[in-house]
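One structure is given here, and the rest of the page talks about it.
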Amino acid sequence: MQVVQKRIQVIMVGIVMAALAAIFSLYARPAQSAELVTIRPMSEIYVTAPQIINITDTSVQFTFETSIPIACSLIWGIDTTYGDIAVDPNMNGAAITNHNINIGNLTPNTTYHWRIQGTAASGIMYVDDDMTFTTAPASTPVEVNLASMDNGASVLGVSSSFGGVWGGNSAIDENPATAWSSNGDGNDAWIEVQLAPMGTTPHTVEVWSRYMTNNTSQIFEFTLTSNSREVFGPFTLPAGTPTAAHRFTITPTQSISSLRLDVTDSNGGNTGLTEFAVYADLMPPTSITVSQFQQPHAPSPLMLFGGLAIATALYTTIPMRRDGIFSKI
Numbered sequence: 059m060q061v062v063q064k065r066i067q068v069i070m071v072g073i074v075m076a077a078l079a080a081i082f083s084l085y086a087r088p089a090q091s092a093e094l095v096t097i098r099p100m101s102e103i104y105v106t107a108p109q110i111i112n113i114t115d116t117s118v119q120f121t122f123e124t125s126i127p128i129a130c131s132l133i134w135g136i137d138t139t140y141g142d143i144a145v146d147p148n149m150n151g152a153a154i155t156n157h158n159i160n161i162g163n164l165t166p167n168t169t170y171h172w173r174i175q176g177t178a179a180s181g182i183m184y185v186d187d188d189m190t191f192t193t194a195p196a197s198t199p200v201e202v203n204l205a206s207m208d209n210g211a212s213v214l215g216v217s218s219s220f221g222g223v224w225g226g227n228s229a230i231d232e233n234p235a236t237a238w239s240s241n242g243d244g245n246d247a248w249i250e251v252q253l254a255p256m257g258t259t260p261h262t263v264e265v266w267s268r269y270m271t272n273n274t275s276q277i278f279e280f281t282l283t284s285n286s287r288e289v290f291g292p293f294t295l296p297a298g299t300p301t302a303a304h305r306f307t308i309t310p311t312q313s314i315s316s317l318r319l320d321v322t323d324s325n326g327g328n329t330g331l332t333e334f335a336v337y338a339d340l341m342p343p344t345s346i347t348v349s350q351f352q353q354p355h356a357p358s359p360l361m362l363f364g365g366l367a368i369a370t371a372l373y374t375t376i377p378m379r380r381d382g383i384f385s386k387i
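Quick note: the sequence shown uses the working numbering, first residue 59, plus one each step.
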């Protein structure tokens, strides 16, 4: 019995010695062979924290500044598993301090999670907290009058004006109480308008002919010619007293910066326009609200417990220096 006990003791001592030898060999490795990874919070190097400076229904733009150059990236997705990554194209293979990151092809009215992280030349990795943003609802185009003086349009020329308040501007002031009147031009009357530079293509024109009680000055037919010499029409205005504007569809195949209206049929006299409008669809601007730019999420008790458990396991299984540097063995 004593022999068996001694053998067991010898075996146990051997196991302990082997374990100690293994642990000693791990700790005794040369320092230069250890691979060090340092993780710090991004807040330590922010000069200006991340801001969303532009958000639409399908895109978002971030900007921030760091006190030291870092090679940064932004991970994002519909939850905290992320799944996508975006980088600042201005890095061009180098670390920078002024960061601008754009994300496109997003889904309207959707909340996304995002986190910024980056690495400095020292090898230190900086990581921020999880944040969220919500894209704007899908935009509905707004019809805008490109021939309105209020929007930046102007008259390039007219065949003539009767004078005074009857000048060409009265046709594009969006005021039905005023009108442009030619000075007896009849079928030779014309007006050319420089459209407001809004970067969008017109699809509709609106024409309101002036008239006089002596059965003159009324336009019955007209054409439109763009700055690229593309001609639309002829268009026919309804018979009878012109008491309102009439709309006509145009389908430009080239960019348009100006339109000229030429009268091709009328009852003569001081032909002219009460109103002339050119409509295009413009996407309204969108902006982020404070409620959409949320603060970092507070960790749940379960997350805290899990984190504590992991930290404890790491502490008991791998060396850790007090400065937060993990030595990967």
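Just so you know, even glycine gets a beta-carbon here, dropped at the ideal spot from N, CA and C.
Is it true that the CB of Q175 sits closer than 8 Å to the CB of D187?
If you number the sequence shown from 1, residue 187 lands on position 129. If you number the sequence shown from 1, residue 175 lands on position 117. One thing to note: D187 has its Cβ no nearer than 8 Å to the Cβ of Q175.
Between the CA atoms of A254 and T155 - distance to the nearest angstrom:
To locate residue 155, count along the sequence shown from 1; it is residue 97. To locate residue 254, count along the sequence shown from 1; it is residue 196. Roughly 39 Å separates the two Cα atoms.
Flag this pair as yes or no: are the beta carbons of A194 and I113 separated by less than 8 Å?
On the sequence shown, residue 194 is found 136 positions in, with the first residue counted as 1. On the sequence shown, residue 113 is found 55 positions in, with the first residue counted as 1. The answer is yes: Cβ separation under 8 Å.
On a CA-only basis, which of P127, N158, F191 is nearest G181? Give me that one, please.
As a first step, residue 181 is located in the sequence shown; it is residue number 123 there, counting from the start. G181 has its Cα closest to that of P127, out of P127, N158, F191.
Report yes if the C-beta distance between V336 and P234 is below 8 Å; otherwise report no.
Residue 336 sits at position 278 when you count from the first residue of the sequence shown. Residue 234 sits at position 176 when you count from the first residue of the sequence shown. The Cβ atoms of V336 and P234 lie no closer than 8 Å to each other.
Simplified DSSP assignment, three categories, for G222:
Numbered from its first residue, the sequence shown carries residue 222 at position 164. It is helical.
Quick check on the DSSP output: the beta strand (DSSP E) that includes M183 runs from which residue to which?
By 1-based counting over the sequence shown, the position of residue 183 is 125. M183 -> beta strand (DSSP E) spans 183–185.
Would the beta-carbon of P249 fall within 8 Å of that of S284?
Within the sequence shown, residue 249 is the residue found at index 191, counting from 1. Within the sequence shown, residue 284 is the residue found at index 226, counting from 1. According to the sequence shown, residue 249 is Ile rather than Pro. No, the pair does not count as a contact, with Cβ atoms beyond the cut-off.
What are the complete beta strand (DSSP E) segments, minimum 3 residues, inside the segment 222–278?
248–252, 260–267
Using a 10 Å radius around the Cβ and a threshold of 16 neighbouring Cβ atoms, would you call M189 buried or exposed?
Walking along the sequence shown from the start, residue 189 turns up at place 131. Classification for M189: buried.
Can you confirm whether V289, when its beta carbon is compared against all beta carbons of chain D, has any partner nearer than 8 Å?
No chain D is part of this structure, which consists of one protein chain only.
Range covered by the beta strand (DSSP E) that runs through A178:
Position 120 of the sequence shown, counted from the first residue, corresponds to residue 178. Here the beta strand (DSSP E) through A178 covers 169–178.
For P300, which of helix, strand or coil comes out of DSSP?
Position 242 of the sequence shown holds residue 300. Here P300 carries a coil assignment [DSSP, helix/strand/coil].
Alpha carbon to alpha carbon, what distance is there between R287 and H304?
For the purposes of this step, residue 304 is identified with residue 246 of the sequence shown, where counting begins at 1. For the purposes of this step, residue 287 is identified with residue 229 of the sequence shown, where counting begins at 1. C-alpha separation (whole angstroms): 23 Å.
Which runs of the beta strand (DSSP E) spanning at least 3 residues fall entirely within the segment 100–125, listed in chain order?
Given a length threshold of 3 residues, each whole run of the beta strand (DSSP E) inside the segment 100–125 is given here in chain order: 104–113.
Cβ-based burial, P292 [other Cβ within 10 Å; buried from 16]
Numbered from 1 along the sequence shown, position 234 holds the residue referred to as residue 292. With fewer than 16 other Cβ atoms within 10 Å, it is exposed.
Nearest residue (CA-CA) to A129, options H157, V202, V118, S217
Locating residue 129 in the sequence shown gives position 71, counting from the first residue. Here the closest residue by C-alpha is H157.
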